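Here is the structure we will look at.
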Amino acid sequence: MIVITGAGGQLGSRIVEQLLSLAPAEQVGVSVRDVAQAKRFADRGVRVRRGDFLEPETLSHAFEGADQVLIVSASIRGAAAVPANRAAIDAARSAGARRILYTSHQAASHHSLFAPQLTHAATEDHLAAAGVPFTSLRNGFYATTLGFYLGAAVETGRLVVPEDGPFSWTAHDDLAGVAAAALASEGLFDGATPPLTAPDMLDFAAVAEQASEVAGRMIEHVVVGDDDWKASAVAAGMPEAAAEFTLGMFRAARRGEFAVTDPTLEKVLGRPAIPARQVIEDLLAPR
Ligand SMILES: NC(=O)c1ccc[n+]([C@@H]2O[C@H](COP(=O)([O-])OP(=O)(O)OC[C@H]3O[C@@H](n4cnc5c(N)ncnc54)[C@H](OP(=O)(O)O)[C@@H]3O)[C@@H](O)[C@H]2O)c1
Numbered sequence: 001m002i003v004i005t006g007a008g009g010q011l012g013s014r015i016v017e018q019l020l021s022l023a024p025a026e027q028v029g030v031s032v033r034d035v036a037q038a039k040r041f042a043d044r045g046v047r048v049r050r051g052d053f054l055e056p057e058t059l060s061h062a063f064e065g066a067d068q069v070l071i072v073s074a075s076i077r078g079a080a081a082v083p084a085n086r087a088a089i090d091a092a093r094s095a096g097a098r099r100i101l102y103t104s105h106q107a108a109s110h111h112s113l114f115a116p117q118l119t120h121a122a123t124e125d126h127l128a129a130a131g132v133p134f135t136s137l138r139n140g141f142y143a144t145t146l147g148f149y150l151g152a153a154v155e156t157g158r159l160v161v162p163e164d165g166p167f168s169w170t171a172h173d174d175l176a177g178v179a180a181a182a183l184a185s186e187g188l189f190d191g192a193t194p195p196l197t198a199p200d201m202l203d204f205a206a207v208a209e210q211a212s213e214v215a216g217r218m219i220e221h222v223v224v225g226d227d228d229w230k231a232s233a234v235a236a237g238m239p240e241a242a243a244e245f246t247l248g249m250f251r252a253a254r255r256g257e258f259a260v261t262d263p264t265l266e267k268v269l270g271r272p273a274i275p276a277r278q279v280i281e282d283l284l285a286p287r
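So for the sequence shown, the UniProt record's numbering puts the first residue at 1; every next one is plus one.
Below, the structure written as structure tokens:
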């Protein structure tokens, strides 16, 4: 059986969906914090069990009988993140999985300026030391992240951000497709994958240009100093820790941490990647 965690989330649900076109439902299981969120999968014959990385005792039942476990990195910030991911790896090994997969990031590094990359690097270390064959899927930067910025930019005509750099914007559907392929074809990857990215990198200046074309009105890219950006984000209601977290992303980008592309994703999918432009169009489409 293949067990996938986080099937209630955007990436995990897409991975399950795509895997169901490659493997029979009775060979697929999901581990979710809220089983009601996976009802549509249960209805199709997928085994649905409750699993929460912060309650490791739930994971032995959730992972029972798994040959492969794909751990979707939990959206936990701060000091609890690494122990949570480690608990999932330990539980997968204890359940007897002969292969463990983890959704890492193209920029995973102990030296990153963006906090999640430190979590990914520490998790990858634990995975490599677990003594079980593993695959660390080094995903590109989610293109949907732009959704946090584009709404206000279209409203005001200004995309006000700190200095940045190129990003490896990649669509969830493409990353899910590669993850599903990695589960279905066990020999496809071994260890850390090459960066799994779309072929185009855009910085925020290029994003503003593309968003202007899509929205049909000028969106000016305005660069502000880190302290000024943080002060206005906090004044607008963002918690200080969240503002600092976000600044880390811009600092890492300007150092070139996300300035990576690689053909592996398109090769595995056997088709062109979804361009960032398409994701911007989807994000700005009238609802
Ligand atoms: N590559 C990138 O650029 C990028 C950007 C942002 C985030 N990420 C990482 O990618 C992951 C998936 O992204 P997404 O878009 O699918 O995020 P999402 O829709 O916000 O989903 C959050 C995910 O975190 C899981 N999670 C949270 N707390 C958990 C816990 N205590 N135990 C087990 N799982 C827990 C959720 O599991 P349930 O379904 O069980 O609730 C869900 O799969 C994120 O969690 C984050 O680690 C990557």
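Think of the CB as a built atom: it goes at the ideal place given N, C-alpha and C, for glycine as much as any other residue. In this text, all values refer to a predicted model and were calculated from it rather than measured experimentally.
Distance between residue j and residue i (C-alpha atoms, nearest Å)
i	j	result
residue 137	residue 89	14 Å
residue 121	residue 108	5 Å
residue 191	residue 246	29 Å
residue 269	residue 277	19 Å
residue 156	residue 259	28 Å
residue 164	residue 244	15 Å
residue 283	residue 147	6 Å
residue 281	residue 167	17 Å
residue 200	residue 171	12 Å
residue 68	residue 9	19 Å
residue 273	residue 198	5 Å
Distance cut-off 7 Å: residue i Cβ against heavy atoms of ligand 3
i	result
residue 178	For ligand 3, the structure offers nothing, since it holds only ligand 1.
Span of the alpha helix (DSSP H), counted from its first residue to its last, around residue i
i	result
residue 177	172-184
residue 15	10-19
residue 232	226-235
residue 154	147-156
residue 118	115-128
Residue i, DSSP secondary structure in three states
i	result
residue 110	coil
residue 168	coil
residue 91	helix
residue 192	strand
Any non-hydrogen atom of ligand 1 within 7 Å of residue i CB
i	result
residue 75	yes
residue 173	no
residue 226	no
residue 245	no
residue 68	no
residue 61	no
Start-to-end residues for the beta strand (DSSP E) that takes in residue i
i	result
residue 196	Here residue 196 belongs to no beta strand (DSSP E), and DSSP marks it neither H nor E.
residue 134	134-139
Notebook entry, point to check: Hey, which unbroken runs of the beta strand (DSSP E) at 3 residues or more fall wholly within the stretch 17-88?
Noted result: 28-32, 47-50 and 68-71
Item checked: Start-end ranges of the beta strand (DSSP E) lying completely within the stretch 199-284, minimum 3 residues -> 220-224
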